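J.:
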Amino acid sequence: MARLDGKVALVTGAASGIGAACAERFSADGAKVVGLDLIDGPDVRAADVTDEAAVADAVEATVREHGRLDVVLNAAGVAGGGPVHLLEAEEFERVIRVNLTGTFLVCKHALIHMVEQGSGSIVNIASVEGIEGTEGGSAYNASK
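My numbering puts the sequence shown at residues 228 to 371.
1) Which partner residues of VAL322 appear in the DSSP bridge assignment?
2) Does the beta carbon of VAL235 fall short of 7 Å from some heavy atom of the ligand MN?
3) Residues in its own chain within less than 7 Å of ALA285 by CB, not counting five upstream and five downstream?
4) Indicate the three-state DSSP secondary structure (helix, strand or coil) for THR330 in the structure shown.
5) Contact defined as beta carbons within less than 8 Å: I believe GLY309 pairs with VAL322. What is the distance between those atoms, to the nearest angstrom?
6) What does DSSP give as the partner residues of LYS259 in its beta bridges?
7) Inspect the beta-carbon positions of THR289 and LEU300 and report whether they are closer than 8 Å.
8) What's the C-alpha gap between ALA281 and CYS249?
9) Hey, how far is the Cα of GLY240 from the Cα of SER346?
10) Hey, quick one: how far does the beta strand (DSSP E) through SER348 stretch, first residue to last?
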């Protein structure tokens, strides 16, 4: 019996990078994985984590299809920014919206079901840059 047999995992940022690697690992460990990203793919549903209605729909569809939600892994994220004095407010807001607000929205809608079922785990991918920022990474550093 695999470690995650019978579990349902929702992974954001599942089309590439850390999200794709985690989705693959969860699947190898027996979980039914629902991947979310900006693009549709073989194992990924299109959903923008900055759009609350899209997030709510994706979480609801996952629970409707699989009957539960056991694990959420928030890996959706973008880099960007620059030195504060050169950074446009729109770019700062874009990075914050994906990396921070998107994580909040997924947690919010997943927790509705996890609290109701009395169990669940959420993993939010962060970065050391949230602790010790890098020069020129003001928006990314703040979002992590």
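Glycine is no exception: its CB is placed at the ideal position from the N, C-alpha and C atoms. No experiment lies behind these values; they were computed from the predicted model shown.
T.: Working from what's here:
1) Bridge partners of VAL322: none, in fact.
2) Here there are no bound small molecules, and the ligand MN is not part of this structure.
3) LEU263, ARG272 and ALA274
4) helix
5) About 10 Å separates the two Cβ atoms, so there is no contact after all.
6) VAL235
7) no
8) 22 Å
9) 23 Å
10) 348-351
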